[in-house]
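Okay, structure first, notes after.
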Amino acid sequence: MDCLVRIAASMGARPVLRLTGAFLLTLIFATAPQAHSTGRPTGGLAEVDLQLILAVDVSPSMSRIEQKVQRNGYVDAFRHADIAMAIRAGELGRIAVLYLEWAGPNQQTVIVPWTIVESREDALTLADRLAALSLTEGRGTSISGALQAANGLFAKSGLRSPRRVIDVSGDGPNNAGALIDPIRQFL
């Protein structure tokens with residue numbers, strides 16, 4: 026609980042820290058141990074506590090400044106000292122992360138494929154990888170397209186986990202592609 030207090034205290038400082046704090050809180054609660062384990066065999070799939078897709082808006086509504094704040098929020102989160110502790114708190118002590126950029130209905134690009142994070146070093150490596158990426162831009166804003174793409178990426182992940190989370194980051198309404206409500210209901 027102490028790490029939650031430290032993270033929450035940092036959330037009022039500036040936008041990047043608010044994003045970092047919100048992301049860390051999501052990750053901490055998403056990796057918290059389940060009430061019970063299924064005990065089912067994995068069938069050859071790699072097991073993790075959480076499959077996390079970071080679905081990041083790169084549509085025209087996102088200014089370069091907003092894109093930098095968005096990206097730096099994730100970078101700062103994975104560089105945060107408490108991230109490894111939160112991940113290790115899971116039953117297996119590891120998560121899988123994928124970084125997906127999205128814009129219009131058919132504009133979803135995997136920028137960082139599934140990456141297992143189970144140590145502080147893994148988290149720092151992922152942060153460095155994200156920090157080194159150049160910013161991109163697409164056309165349209167299709168949250169529904171991003172959710173559909175993310176669902177397909179879960180299906181093809183080669184991973185098994187008790188939890189799957191799509192962390193959608195963006196600033197505009199769904200203005201292209203399928204309606205969002207039916208897709209959200211499906212997921």
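Numbering (our numbering), first residue to last: 26 to 212.
Built from N, CA and C at the ideal position, the CB exists for glycine as well.
These numbers come from a predicted model, not from an experiment.
Check, Outcome
"Hey, residue 77 and residue 120 are a contact pair by Cβ (cut 8 Å); roughly how many whole angstroms apart?", "6 Å"
"Check for me: the beta strand (DSSP E) holding residue 13 runs from which residue to which?", "The question about residue 13 has no answer here: the residues shown for the chain are numbered 26 through 212."
"Report yes if the C-beta distance between residue 152 and residue 71 is below 9 Å; otherwise report no.", "no"
"Whose CA, out of 206, 188, 194, 212, lies closest to the CA of residue 83?", "194"
"Would you tell me roughly how many angstroms separate the C-alpha atoms of residue 199 and residue 168, rounded to the nearest one?", "5 Å"
"Within the chosen definition, does the stretch 117–133 reach the stretch 158–174 through at least 3 CB pairs nearer than 8 Å?", "yes"
"Just reading off the beta strand (DSSP E) that residue 82 is part of, what are its end residues?", "75–82"
"Could you give the C-beta distance for residue 125 and residue 171, rounded to a whole number, given that I count them as a contact under 8 Å?", "7 Å"
"Do you know how far the Cα of residue 148 is from the Cα of residue 104?", "7 Å"
"Could you give the C-beta distance for residue 117 and residue 188, rounded to a whole number, given that I count them as a contact under 8 Å?", "About 11 Å separates the two Cβ atoms, so there is no contact after all."
"Reducing DSSP to helix, strand and coil, say where residue 133 ends up.", "strand"
"Figure out for me which residue from 87, 176, 113, 197 has the closest Cα to the Cα of residue 208.", "176"
"Using 9 Å as the threshold, is the C-beta distance between residue 160 and residue 96 below it?", "yes"
"Using the C-alpha atoms, what's the distance from residue 123 back to residue 137?", "6 Å"
"Rounded to a whole number of angstroms, what is the C-alpha to C-alpha distance between residue 21 and residue 85?", "Lying outside 26 to 212, the shown extent of the chain, residue 21 is not represented and no answer is given."
"Taking all protein chains shown into account, do 16 or more other C-beta atoms lie within 10 angstroms of the C-beta of residue 87, making it buried, or fewer, making it exposed?", "buried"
"State the Cα-Cα distance for the pair residue 174 and residue 106, rounded to the nearest angstrom.", "31 Å"
"For the alpha helix (DSSP H) containing residue 123, list its first residue and its last residue.", "Residue 123 -> not in any alpha helix (DSSP H); beta strand (DSSP E) instead, spanning 120–127."
"Please report how far the alpha carbon of residue 133 lies from the alpha carbon of residue 205, in whole angstroms.", "16 Å"
"Should residue 180 be labelled buried (16 or more other beta-carbon atoms within 10 Å of its own) or exposed?", "exposed"
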